[in-house]
Amino acid sequence: MNLNARIPSGPIEQRWDKARFDLKLVNPANKRKYNVIVVGSGLAGGSAAATLGELGYNVKCFCFQDSPRRAHSIAAQGGINAAKNYQNDGDSVYRLFYDTVKGGDFRARESNVYRLAQVSVSIIDQCVAQGVPFAREYGGLLANRSFGGAQVSRTFYARGQTGQQLLLGAYQALERQIDAGKVKMLPRTEMLDLIVIDGKARGIVARNLVTGRIDVHMADAVVLATGGYGNVFYLSTNAKGSNTTAIWRAYKRGAAFGNPCYTQIHPTCIPQSGDYQSKLTLMSESLRNDGRIWVPLKQGDTRTAAQIPESERDYYLERMYPSFGNLSPRDIASRAAKRVCDEGRGVGPGGLGVYLDFSDAIRRLGQKTIAERYGNLFEIYERITGEDPYTLPMRIYPAVHYTMGGLWVDYHLMSTVPGLFVLGEANFSDHGANRLGASALMQGLSDGYFVIPYTLGNYLASEKFAKVDETHPEAVAALAQTQSMTKQLLAIKGKRTVSSFHRELGKLMWDFCGMARNAKGLEQAADKIAGLREEFWKNVNVSGEAGDLNQNLESAGRVADFLELGELMCHDARVREESCGGHFREEYQTSDGEAQRNDDSFSHVAAWEYQGPNQKPVRHQEELQFEYVKPVQRSYK
Amino acid sequence: MNLTLHVWRQKDVATPGQMVRYDAPNVSEHMSFLEMLDVVNEGLILKGDEPIAFEHDCREGICGSCGFMINGIAHGGFKNTTVCQLHMRHFEDGDEVFIEPWRATAFPVMKDLIVDRSAFDRIIASGGYVSVSTGSAPDGNALPIRKQDSDLAMDAAACIGCGACVASCPNAAAALFTGAKISHLAHLPQGQPERKERSLRMVRQMNAELFGNCTNIGECEATCPKGIPIEVIASMNGDFLAASWQERPPVEIAGAG
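Below is the structure:
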């Protein structure tokens with residue numbers, strides 16, 4: 071397997087400029103001769119489809135939801151980073167680059183991250199021009215807030231609905247191209263396989279979720295922007311429909327999977343309340359700007375928050391990490407929360423919670439200011455828990471939120487299958503082993519608006535494309551394979567529901583491949599998952615018919631893929647014998663419990679190559695070079 | 012608590028549907044309404060029945076996927092709350108709950124509680140955007156915008172496109188939805204160049220989709236889970252009226268010489 075990352079040469083500041091000059095162009099009159107498939111319509115897919123349509127390509131865009139406006143990017147609350155330095159507080163492209171590489175615990179590719187920091191400034195300009203209503207100061211200029219893992223204020227936001235507003239901007243740009251006839255939108259259509267012909271991605275197999283019809287769609291290139299796979303844990307902050315199917319089936323067609331074990335556990339979520347729970351709700355990290363996190367000093371303290379005097383409270387983040395305090399990065403804050411709860415100092419039912427307290431901020435700034443900043447988040451919290459955070463401190467606990475792993479891509483965002491490009495959370499690229507807050511929106515839009523328009527053009531201009539259509543043997547075979555899998559799922563008629571398998575998988579993943587992992591647990595979990603998968607294919611009960619709107623069937627296909635992915639995640643976590651970012655191996659920690667990297671052996675990306683059903687995949691390595699940011703032990707103290 | 016549900020079941024768009032009675036035993040007050048339906052559905056699957064189809068995704072009240080009528084009120088009638096955020100503590104043991112899909116000519120029922128809301132996408136496609144292609148934007152701070160205007164734009168932009176406004180309106184009008192997008196962009200300088208054309212095209216598309224007319228009843232505002240104010244309809248009407256008044260048929264431009 072060739073893992074050439076195609077990083078341009080020269081000083082890092084000039085690499086993207088150099089690449090843009092070296093990349094081949096498609097003549098404007100020729101662009102309409104190329105067909106491009108974009109799967110996913112979130113920030114990455116929506117912005118890519120819109121921009122490729124504007125450039126003149128024929129685009130077909132797919133999403134499983136009823137409308138491209140529903141994609142899960144919409145749920146991002148806090149904000150989007152950009153190195154504008156509008157606050158004159160010491161920010162720069164280089165500092166955003168540095169913070170992101172360090173935040174990722176030195177497991178990201180420097181050149182990609184530098185480009186991300188460079189184009190971050192254009193993203194804000196583009197979104198403002200589209201009419202995204204970012205927060206503003208009274209003078210009419212854009213407002214910023216600070217966010218975890220950074221000491222400058224570089225986060226742009228639209229109340230607590232930044233993801234929604236950015237997505238609606240991309241969605242509106244996409245609808246404009248649909249109206250212009252340049253993009254054909256296929257909502258309620260789910261990609262189920264990738265068609266590879268002569269080694270190149272040339273199309274997809276997709277199921278119309280209303281009629282159940284499975285069709286082949288051919289193209290000259292395929293762009294996947296299908297999001298992350300956090301739902302392998304069953305309970306996560308992801309939308310219920312978020313799944314791994316598109317990237318997993320591409321993996322089975324030859325696309326390497328990069329760093330599958332890198333999972334972000336977000337520190338501020340509403341704790342679970344019961345076994346019926348279907349998902350976890352995130353409370354934006356921006357709350358940590360004004361909220362103070364604490365637990366009682368004493369173990370098993372059953373007093374209410376108000377009854378515990380100041381002297382008997384442990385503001386543990388402020389104590390352990392005085393310079394970043396409550397704004398410590400997500401992986402650090404989550405592990406610290408787990409540690410104090412493991413010590414028996416957690417609050418709320420089952421002791422799985424810590425306080426996020428706004429009483430100091432309300433005293434300092436007044437309730438009105440707090441309501442202006444976080445009003446809608448406080449409402450969400452009250453609606454779910456029935457408690458008023460203006461008077462009682464919030465209770466929060468970490469939850470699975472984002473997956474840094476994903477399909478391996480090079481500097482051009484192309485996977486190991488030529489012509490298959492992967493954008494946004496679906497790829498493994500820019501966040502290393504831990505993503506900083508407000509960086510996911512930045513990466514999705516960077517990939518879609520500003521990177522893929524160049525690199526896709528270069529690919530199309532450099533290759534010759536044999537004329538292929540739906541009758542090509544590879545397309546016919548992929549279609550038949552998908553149809554037979556659908557039939558098989560419906561034919562089992564066993565005794566367990568799809569979601570009972572999903573819950574059991576999720577619990578295994580959370581217990582053994584969650585916030586803290588060890589070799590023995592990972593090996594056990596991998597075995598158990600293989601057994602669970604075997605049972606699934608003998609004993610699952612999928613209701614309904616194939617030729618119908620059938621949500622249970624959709625979910626069964628997705629869970630079948632999670633049952634394979636989960637095992638790979640455990641293998642990947644097992645082999646990576648170090649702790650870095652969100653990957654914490656109990657065997658590798660410093661004396662004060664911090665993550666202990668092993669740069670000599672693991673300063674690389676692990677890229678897994680599929681070898682066939684029930685065969686062990688092969689692990690390849692892309693060595694990471696750190697020419698600019700020298701790896702050190704991350705310190706937020 | 013134990014509840015009795017009456018749920019609209021319909022196989023597909025072409026087959027007539029009917030209300031069907033289900034028991035929902037042992038409902039916890041901490042569940043969300045959709046989690047209660049999840050549990051009912053698990054029971055149906057194990058009995059060999061088809062589960063109740065309903066649309067949902069983020070379950071955080073922001074994606075706009077979910078929504079149906081609970082006892083005749085869109086999203087159940089709690090202020091600023093979508094059904095995914097509605098918790099069972101608002102119900103009592105023994106309650107009978109009637110669950111039906113959005114009803115409107117422009118929103119055909121596809122299955123059970125799922126309706127086709129693609130008319131909303133076509134309204135946005137007819138002009139709900141600023142025509143700015145990627146790469147041609149000036150610096151974000153080159154155009155200062157009064158905070159008050161920006162806040163009003165944000166109020167309107169908060170719409171999640173769930174369709175509750177249409178379902179609540181006795182006329183099945185989409186005026187709150189269409190007005191929200193027109194008003195969002197009308198409050199911003201970026202929205203000015205296309206303001207007139209936008210209102211003409213979007214209102215005409217809305218009518219072409221067979222949504223009813225607005226008669227200022229106000230049910231839409233009352234049930235909107237994002238609190239979109241009814242002023243956006245006035246804003247839409249104002250823009251549409253002004254633009255209609257000034258509309259001229261396009262003039263063919265002759266070439267030079």
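Just so you know, the sequences run in chain order C and R. Take 71 as the starting number for the first sequence in my numbering and just add one per residue. Take 12 as the starting number for the second sequence in my numbering and just add one per residue. Where is the CB? At the ideal position from N, CA and C, for every residue including glycine.
Indicate whether at least one CB of chain C lies closer than 7 angstroms to the CB of valine 143(R).
Counted from its first residue, the second sequence places residue 143(R) at position 132. Taking Cβ atoms only, chain C reaches closer than 7 angstroms to valine 143(R), which makes this a yes.
How many angstroms separate the CA atom of asparagine 74(C) from the CA atom of tryptophan 478(C)?
The residue labelled residue 74(C) in the question sits at position 4 within the first sequence. The residue labelled residue 478(C) in the question sits at position 408 within the first sequence. About 11 angstroms.
Is the CB of glycine 54(R) under 7 angstroms away from at least one CB in chain C?
Position 43 of the second sequence, counting from 1, holds the residue named residue 54(R). Interface residue (Cβ-Cβ distance to chain C less than 7 angstroms): glycine 54(R) is not classified as such.
Within the same chain, show all residues whose beta-carbon is closer than 6 angstroms to that of glutamate 605(C), passing over the 5 residues directly before and after it, in chain order.
Locating residue 605(C) in the first sequence gives position 535, where the first residue counts as 1. Apart from the 5 residues on each side of it in sequence, glutamate 605(C) has no Cβ closer than 6 angstroms to any other Cβ in its chain.
For glycine 239(C), collect the residues of the same chain with a Cβ closer than 6 angstroms to its Cβ; drop the 5 residues on either side in sequence, then sort them by chain order.
Indexing the first sequence from 1 puts residue 239(C) at position 169. The residues are Cys197, Gln200, Val202.
Verify the CB distance criterion: does glutamate 245(C) have a CB-CB separation below 7 angstroms to chain R?
By 1-based counting over the first sequence, the position of residue 245(C) is 175. For glutamate 245(C), the closest Cβ of chain R is nearer than 7 angstroms.
Comparing alpha-carbon positions, which option in Tyr425(C), Asn158(C), Arg566(C) lies nearest alanine 376(C)?
What you label residue 376(C) is simply residue 306 of the first sequence in a count that begins at 1. The shortest CA-to-CA distance from alanine 376(C) to any of Tyr425(C), Asn158(C), Arg566(C) is the one to Tyr425(C).
Is there a C-beta anywhere in chain C that falls below 7 angstroms from the one on methionine 42(R)?
Here residue 42(R) refers to the residue found at position 31 of the second sequence. Yes, methionine 42(R) counts as interfacial toward chain C.
Considering only the alpha carbon of each residue, which of Ala120(C), Tyr386(C), Ala589(C), Phe428(C) lies closest to lysine 408(C)?
As a position in the first sequence, residue 408(C) is number 338, starting the count at 1. Answer by Cα proximity: Tyr386(C).
Given this structure, state the Cα-to-Cα distance separating glutamate 647(C) from leucine 638(C), to the nearest angstrom.
As a working mapping, residue 647(C) is identified with position 577 in the first sequence. As a working mapping, residue 638(C) is identified with position 568 in the first sequence. Cα to Cα, the separation comes out at about 15 angstroms.
So the candidates are Ser516(C), Val492(C), Lys254(C), Leu352(C); which of them puts its Cα closest to the Cα of leucine 447(C)?
Translated into the one-based positions of the first sequence, residue 447(C) becomes position 377. It is Leu352(C).
Using beta carbons (cut-off 7 angstroms, strictly below), is leucine 14(R) in contact with chain C?
The count along the second sequence starts at 1 and reaches residue 14(R) at position 3. For leucine 14(R), the answer is no, since every Cβ of chain C falls outside 7 angstroms of its Cβ.
Would you check if the distance between the CB atom of lysine 130(C) and the CB atom of lysine 254(C) is smaller than 7 angstroms?
Looking up residue 130(C) in the first sequence gives position 60. Looking up residue 254(C) in the first sequence gives position 184. For lysine 130(C) and lysine 254(C), yes; Cβs fall inside 7 angstroms.
Listed from N- to C-terminal order along the chain, which residues in the stretch 300–311 of chain C have their beta-carbon within a distance smaller than 7 angstroms of any beta-carbon of chain R?
Ala309, Lys310, Gly311
Say whether chain C places a C-beta atom closer than 7 angstroms to the C-beta of alanine 164(R).
On the second sequence, residue 164(R) is found 153 positions in, with the first residue counted as 1. So yes, alanine 164(R) belongs to the interface.
Apply the 10 Å Cβ neighbour rule to lysine 707(C) and answer buried if 16 or more other Cβ atoms are within range, or exposed otherwise.
Position 637 of the first sequence, counted from the start, is the residue given in the question as residue 707(C). Classification for lysine 707(C): exposed.
What residue does the alpha helix (DSSP H) around glutamine 437(C) start on, and which one ends it?
If you number the first sequence from 1, residue 437(C) lands on position 367. Element bounds for glutamine 437(C): 437–455.
Would you mind telling me which residues of chain R sit closer than 7 angstroms to valine 280(C), beta carbon to beta carbon, in chain order?
Locating residue 280(C) in the first sequence gives position 210, counting from the first residue. Those within 7 angstroms of valine 280(C) in chain R are Met121.
Within 10 angstroms of its Cβ, does asparagine 396(C) collect 16 or more other Cβ (buried), or is it exposed?
Within the first sequence, numbered from 1, the residue matching residue 396(C) stands at position 326. With 16 or more Cβ atoms within 10 Å of its Cβ, asparagine 396(C) is classed as buried.
Just mark glutamate 495(C) as buried or exposed, buried being the case when its beta carbon has 16 or more other beta carbons within 10 Å.
Walking along the first sequence from the start, residue 495(C) turns up at place 425. So glutamate 495(C) ends up on the buried side.
Is DSSP giving lysine 270(R) helix, strand or coil here?
Chain R is shown only over 12 to 268; residue 270(R) falls outside these bounds and no answer can be derived.
First and last residue of the alpha helix (DSSP H) that includes proline 523(C)?
Mapped onto the first sequence, residue 523(C) falls at position 453. Start and end: 522–532.
With burial defined as no fewer than 16 other Cβ atoms inside 10 Å of the residue's Cβ, what is the status of serine 398(C): buried or exposed?
Reading the first sequence from its first residue, position 328 is the one you call residue 398(C). With 16 or more other Cβ atoms within 10 Å, it is buried.
If you measure between the beta carbons of leucine 6(R) and alanine 64(R), is that distance less than 7 angstroms?
Nothing can be reported for residue 6(R): it is not among the residues displayed for chain R, which extend from 12 to 268.
Please check if any C-beta of chain C sits within less than 7 angstroms of the C-beta of proline 27(R).
Indexing the second sequence from 1 puts residue 27(R) at position 16. It does not: the Cβ of proline 27(R) has no partner Cβ on chain C nearer than 7 angstroms.
Restricting to Cα atoms, I'd like to know which of Met213(R), Glu208(R), Met80(R) is closest to proline 261(R).
As a first step, residue 261(R) is located in the second sequence; it is residue number 250 there, counting from the start. Of the listed residues, the one whose Cα sits closest to proline 261(R) is Glu208(R).
Along chain C, which residues have their Cβ under 8 angstroms away from the Cβ of serine 129(R)?
Taking the second sequence and counting its residues from 1, the one referred to as residue 129(R) is at position 118. The answer, in chain order, is Asp136, Ser137, Pro257.
At a CB-CB cut-off below 7 angstroms, which residues of chain R make contact with threonine 351(C)?
Your numbering for residue 351(C) matches position 281 in the first sequence. Chain R residues near threonine 351(C): Glu71.
Looking only at C-alpha atoms, which of Gly83(R), Asn82(R), Gly78(R) sits nearest to threonine 92(R)?
On the second sequence, position 81 is the one that residue 92(R) refers to. Answer by Cα proximity: Gly78(R).
At what residues does the alpha helix (DSSP H) containing isoleucine 194(C) begin and finish?
As a working note, residue 194(C) is residue 124 in the first sequence. Isoleucine 194(C) -> alpha helix (DSSP H) spans 180–200.
Confirm, please, whether the CB-CB distance from valine 702(C) to tyrosine 168(C) is below 7 angstroms.
Here residue 168(C) refers to the residue found at position 98 when the first sequence is read from its first residue. Here residue 702(C) refers to the residue found at position 632 when the first sequence is read from its first residue. The answer is no: Cβ separation not under 7 angstroms.
Got a sec, what are the start and stop residues for the beta strand (DSSP E) phenylalanine 109(R) sits in?
Here the question's residue 109(R) lines up with position 98 in the second sequence. Start and end: 107–111.
Does methionine 484(C) come out as helix, strand or coil in the three-state DSSP assignment?
Walking along the first sequence from the start, residue 484(C) turns up at place 414. Of the three classes helix, strand and coil, the one that applies to methionine 484(C) here is strand, per DSSP.
Going by Cα to Cα distance, which pick from Ala220(C), Ile193(C), Val222(C) is closest to leucine 236(C)?
As a working mapping, residue 236(C) is identified with position 166 in the first sequence. Here the closest residue by C-alpha is Ile193(C).
Measuring only the C-alpha atoms, how far is glycine 311(C) from glycine 75(R)?
The residue you call residue 311(C) lines up with position 241 of the first sequence. The residue you call residue 75(R) lines up with position 64 of the second sequence. The alpha-carbon atoms of glycine 311(C) and glycine 75(R) are separated by roughly 13 angstroms.
Does the CB of valine 38(R) have a neighbour CB from chain C at under 7 angstroms?
For the purposes of this step, residue 38(R) is identified with residue 27 of the second sequence, where counting begins at 1. It does not: the Cβ of valine 38(R) has no partner Cβ on chain C nearer than 7 angstroms.
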